[in-house]
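Accompanying notes for the structure given below.
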Amino acid sequence: MPHRRWSILLWSLALAANSAALYMVFLYAPVEVQMGAVQKIFYYHVPSAIACYVLLFLAFLFSALYLWREEPLYDHLAHSAAEVGWVFITLVLVTGPIWGHSAWGKWWVWEPRLTSFLILWLTYSAYFLLRLFSRGDARAAKIAAVVAIVAFFDVPIVHKAISWWGSIVHPRKVVLEPAMRWTFFAGLASVFLLAAALFLTRFDIQRAEALRAEKEEWA
Amino acid sequence: MSGDPLLSVSGLSKRLSGRAVLREVNLNLLPGQLTLLLGPNGAGKTTLTRILTTLSRPGRGVLTFRGSRTTESTRVRLRAELGYISHQTFLYAHLTAEENLLFFARLYGVPDPASRAAALLEEVGLAGVKDRVVGTFSRGMQQRLSLARVLLPDPSLLILDEPYAGLDPEGSRRLTGLMASLKARHRALLLVTHEMEDCLPIADRVVILHRGAVAWEGPAEGLTVEGLKARYFETTGEGGPS
Amino acid sequence: MRFIKVVAVLFLKDFREELRRKEDVAASFLFALLSLVLFAFALDPTRVDLNETGSGLLWLVVLFAGSLFMSGSFRKETENGTLYALLLSPCDRGALYVGKFLLNFLFLLALEALLLLFAYLLLDFRVSDGLPALGAVWALVTFGYAAVGTLFSALLAQVRGGHVIFPILLFPILVPLVIAAATLTEQALSPGFSWGNQWLRLVGLFDILFFTASVFLFEFAVEE
C-alpha cells in the first residue's frame, strides 16, 4: 500500500483522538441540564456535519480538477472524498435522530438541518448508484465529475429552500461551558482525523483497484 | 499530391482509465492522398480516430490542422471541413431524405442548402424518394444517403471507419470509385479498414498501428495484398485483415 | 446571429422528429394522466379537497411524466449515431444544449397545460383568476427543471441503464424546485400574490445558476 506510513500514522492518531474524545464525552463533559445524557451525541453529530461539508467540497474541487486535467488521480480523489463524505452524512442521519428522539418523542422530525442532510444523503447515494451503473464505461469518471459539481452547487439552495419550508426548532445554540468546549474540540479533531484516515485508505484502495483492472486488461 | 499536410498529429499519446492507449503516434494526412490505417482490435485505431475528429482531447502531443495547432476555434474549423463515415448512418429515421440533408446542410452553414441537397440527392440516385421517411429505406439506400450527407459541405478531409462493412459488391465498387474521385479532387482521406483488396489499388500510404504505436509505415506503391498481409503479420503477429 | 440560427435549426429538427415519432410524447402524456388517476384512487377525491392539497401533487406528476420524456432526450440521438454527427459538426456545443433544452422546456409546458386541464375535469381543480400567476410560476420552475434535466439526459445518454438512474440522480437536485413549486402554486391561487416573494427569487437563482452551469458542463458531458 503506497501511503503506508501516512496511513498508519493517521489511523493511530485517529484511534488515540477518538479514545480521548470518548473518554471526555462520557467522563469529563458535564451532563447537560435540559436534554440529559443523550445530548452527548452532539460532540460527534456536529463535527460529523462539518466534516461532511468539507469532504463534499473536496469532492467538488477534485471533480472540477478532473474535468480540467483528465488525470485519473483527481477522479480517485473525488470518488474517495464523496464516499467518505457519504459515510459521515449517514453518521449525521443516525446520530441526529438518536439525539432527537429524547426531545421529540419520535425518530424523525422534518426539521430543516436534518432534512437537508437527508436530501444530501439521497443526492450522494445517487452518485454511487451512478458509479455502479457506469462501471466499465470509459466516460464514467467524467460523468461522475459533472454530477458531483452539480450536486455541490445545489447544496446551498437546498438548505435555503428547506429552512424556509420547515420551521420546527433544531436545538440552536447549545451554550458551552469550558469543559464542554474542550470536549467539542476533541470531537472535532477526532472526526477530522477519522475522516482523513478513511479518506487516505479509500483513496489507496481506489488506486489499487484501478491498477488491478489495468493489469487484467493487458493480461 | 504532395505539399503540406492538411491534418497531422505528432508525438500523440493518450491514456484512458490510466492505461496507455496511444504512444508517440505521428501521422500526416495530405491532400489528394489516401492513407490506409490498419491494426488489430485494441491497437488504438478508434482512439486515434476520435482525436483526429476532435471528439477526444489529445493526452500529450499536438494535433495540427492547416498548419496551426488546434485550439477551440481551430477545432471548429476542422469540424467544418471534416467528413466522417462509419457503419452508423447518422440519419434521423423519422425525417425524410430531403429533410435530413437540409438539416445537415443548414447545420454546416452550406450556402444555398436547398439546391445543394437536391444536387446530392440526384448524385446518389435518391432524388425520386426524397420525400420518403428514412426509416423506410433499405440499408443500401441509407448508406447512399449517408454518403450524400457527408458530402454536403464538400469536406476537404474524410475519415472513413470500416466503410465497407455490410456493403454488397456493387456498393463496394461505388465506394471505391467515390474515394478515387475525392482523391482526384485533392481531398485528404484516411481509411480505417480490415478489407484491403478493394482499396489498396488506390491507397497512397499504409500505416499499421499496434499496441498504440505506429508499428510500420510506408508507401502503398508496389505493395500487393499478399505482401501487405505478410507485413501485417510480421509487425503485429496476428492473422490480419481478409 | 449564427448561434441563434443554429439553435433554431436544431430545435426545428427535434420538433419535427418528435411530432413524427409520436411515441415518446404520447407515452409521457398518457403516463401523466395515469398518474393523476392513480393519485385520485390513492387519495379519495371525495374526501380530499384537491384545491388544498393539489398544488404539490400536480407537480409530482409533472416530475415523473416529464422525466420519462427527458431521460430519453439524448439517448434517442445515439440510435443511428446522430449524436456523433452533431458533435462532429462545427455546431457550437452550447447551441446543441440550448436547442434540446428548448424542446424539453416547451414539451413540459404542454404537459403541464394538459395536466391542468385534466385536473380540472377529473378532480375539479379550479384555477380561474390565478391562471396568469400560476402560468408564470410554473414556467419559471419548469425552466430550471428542463435545464438540469437536459444536462443529465446528455450525461446518461450512453450509460447502461441510464433510463433507470435518470430520475434517481435528478430528483434530489430538484428538491428546492419541488418545494418552491408547491408553495408558489398555493400562493398563486390565493389572493394577494406578491411578485417579489422570496420563493420566486430562489427559483430565479436556481434557473440562472443551473442553466449557466449546464451550458458550460455540457461539453464535458458529451466529449469522450
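Chains as they are written, first to last, in the numbering used here: chain A, 602 to 820; chain B, 1154 to 1395; chain C, 2 to 225.
Even for Gly, the Cβ is constructed at its ideal location relative to N, Cα and C.
This one's a predicted model, so the numbers in the text were calculated from it and none came from an experiment.
Next on the checklist: Between leucine 1191/B and valine 1162/B, how many whole angstroms is the CB-CB distance? I'm expecting something under 8 angstroms.
Outcome noted: Not confirmed; about 17 angstroms, so no contact.
Next on the checklist: In the DSSP output, which residue or residues are listed as bridge partners for tryptophan 1369/B?
Outcome noted: The secondary-structure analysis by DSSP pairs tryptophan 1369/B across a beta bridge with Ile1361/B.
Checklist entry - Can you give the Cα-Cα distance for alanine 1196/B and serine 791/A, rounded to whole angstroms? => result Roughly 50 angstroms separates the two Cα atoms.
Item to check | Interface residues of chain B facing alanine 739/A [CB-CB closer than 7 angstroms] | outcome: What alanine 739/A touches in chain B: Leu1169, Ser1170.
Item to check | Collapsed DSSP secondary structure at glutamate 80/C in the structure displayed | outcome: In the structure shown, glutamate 80/C sits in coil (DSSP, three-state: anything other than H, G, I, E or B).
Checklist entry - Going by Cα to Cα distance, which pick from Leu157/C, Leu89/C, Phe212/C, Ala111/C is closest to glycine 67/C? => result Looking at Leu157/C, Leu89/C, Phe212/C, Ala111/C, the one whose alpha-carbon comes closest to that of glycine 67/C is Ala111/C.
Checklist entry - Residues of chain C with CB under 8 angstroms from glutamine 1241/B, in chain order? => result Near glutamine 1241/B (Cβ distances below 8 angstroms), the residues of chain C are Asn81, Gly82, Tyr85.
Item to check | Residue-level contact to chain B via CB, glutamate 684/A, 8 angstroms cutoff | outcome: Taking a beta-carbon distance threshold of 8 angstroms, glutamate 684/A does not count as an interface residue toward chain B.
Checklist entry - Start and end of the alpha helix (DSSP H) containing glutamate 1323/B? => result Annotation for glutamate 1323/B: the continuous alpha helix (DSSP H) segment containing it runs 1322 to 1337.
Next on the checklist: Less than 8 angstroms between the C-beta atoms of valine 7/C and alanine 96/C, yes or no?
Outcome noted: Contact: yes.
Next on the checklist: Please list, in chain order, the chain B residues whose beta carbon lies closer than 8 angstroms to that of serine 671/A.
Outcome noted: The residue you asked about is not serine; residue 671/A is glutamate in the sequence shown. Residues of chain B passing the Cβ test: Arg1210, Gly1212.
Next on the checklist: Does the CB of glutamate 1251/B have a neighbour CB from chain C at under 8 angstroms?
Outcome noted: For glutamate 1251/B, the closest Cβ of chain C is not nearer than 8 angstroms.
Next on the checklist: Quick check: is the beta carbon of glutamate 24/C nearer than 8 angstroms to any beta carbon in chain B?
Outcome noted: Glutamate 24/C does not count as touching chain B.
Checklist entry - Where DSSP assigns a beta bridge to arginine 1168/B, which residues make up the other side? => result Paired residues: Ala1173/B.
Checklist entry - Can you give the Cα-Cα distance for proline 1264/B and leucine 1305/B, rounded to whole angstroms? => result The alpha-carbon atoms of proline 1264/B and leucine 1305/B are separated by roughly 10 angstroms.
Next on the checklist: Excluding the 5 residues flanking aspartate 1321/B on each side, which residues of the same chain have their C-beta closer than 8 angstroms to its C-beta?
Outcome noted: Correct list, in chain order: Gly1293.
Item to check | CB contact below 8 angstroms: isoleucine 750/A versus chain C | outcome: At least one CB atom of chain C sits nearer than 8 angstroms to the CB of isoleucine 750/A.
Checklist entry - Alpha carbon to alpha carbon, what distance is there between alanine 746/A and leucine 656/A? => result Cα atoms of leucine 656/A and alanine 746/A: separation of roughly 14 angstroms, rounded to the nearest angstrom.
Item to check | Between the CA atoms of valine 1178/B and asparagine 105/C - distance to the nearest angstrom | outcome: Asparagine 105/C and valine 1178/B: Cα-Cα distance of roughly 42 angstroms.
Item to check | Assigned secondary structure, leucine 1305/B (DSSP; H/G/I helix, E/B strand, else coil) | outcome: DSSP places leucine 1305/B in coil when its eight states are reduced to three.
Item to check | Residue range of the unbroken alpha helix (DSSP H) whose run includes glycine 205/C | outcome: First-last of the alpha helix (DSSP H) with glycine 205/C: 199 to 223.
Checklist entry - What residues match up with aspartate 1314/B in a beta bridge as DSSP calls it? => result DSSP lists Val1345/B as partners of aspartate 1314/B.
Checklist entry - Comparing the C-beta of glycine 57/C with each C-beta of chain A, is any distance below 8 angstroms? => result At least 8 angstroms separates the CB of glycine 57/C from every CB of chain A.
Checklist entry - CA-CA distance, valine 1282/B and aspartate 15/C? => result Spanning the alpha carbons of valine 1282/B and aspartate 15/C requires a straight line of approximately 22 angstroms.
Item to check | Three-state secondary structure (DSSP) of asparagine 1194/B | outcome: If DSSP states are grouped into helix, strand and coil, asparagine 1194/B belongs with coil.
Item to check | The alpha helix (DSSP H) enclosing threonine 151/C, as first and last residue numbers | outcome: For threonine 151/C, the enclosing alpha helix (DSSP H) begins and ends at 132 to 157.
Checklist entry - Which term fits isoleucine 769/A, buried or exposed, when burial requires 16 or more other beta carbons within 10 angstroms of its beta carbon? => result Model confidence at isoleucine 769/A stands at a pLDDT of 47, short of 50, so the residue's coordinates are unreliable and nothing is read from them.
Next on the checklist: Using only the alpha-carbon positions, how far apart do arginine 1297/B and arginine 1203/B sit?
Outcome noted: Computed Cα separation, rounded: 24 angstroms.
Next on the checklist: Could you tell me the alpha carbon to alpha carbon distance between serine 1395/B and threonine 1346/B, rounded to whole angstroms?
Outcome noted: The pLDDT assigned to serine 1395/B is 48, lower than 50, so where the model puts this residue is not dependable, and the model offers no usable value.
Checklist entry - Who are serine 1221/B's beta bridge partners in DSSP? => result Its beta-bridge partners are Phe1218/B.
Item to check | contact_flag[the region 719 to 739 of chain A, the region 157 to 171 of chain C] where n(CB pairs < 8 angstroms) is 3 or more | outcome: A contact exists between the region 719 to 739 of chain A and the region 157 to 171 of chain C.
Item to check | Simplified DSSP assignment, three categories, for isoleucine 769/A | outcome: Model confidence at isoleucine 769/A stands at a pLDDT of 47, short of 50, so the residue's coordinates are unreliable; what they give is reported in the following sentence. Looking at isoleucine 769/A - three-state DSSP - the assignment turns out to be coil, as it is neither helix nor strand.
Next on the checklist: Assess contact between the region 199 to 218 of chain C and the region 176 to 185 of chain C, defined as three or more Cβ pairs (one per stretch) separated by less than 8 angstroms. Is contact present?
Outcome noted: Flag = yes, the region 199 to 218 of chain C and the region 176 to 185 of chain C touch.
Checklist entry - Apart from the five residues just before and just after threonine 802/A, which ones in its own chain have a Cβ nearer than 7 angstroms to its Cβ? => result Excluding sequence positions up to five before and after threonine 802/A, its CB lies within less than 7 angstroms of the CB of Ser608, all in the same chain and listed in chain order.
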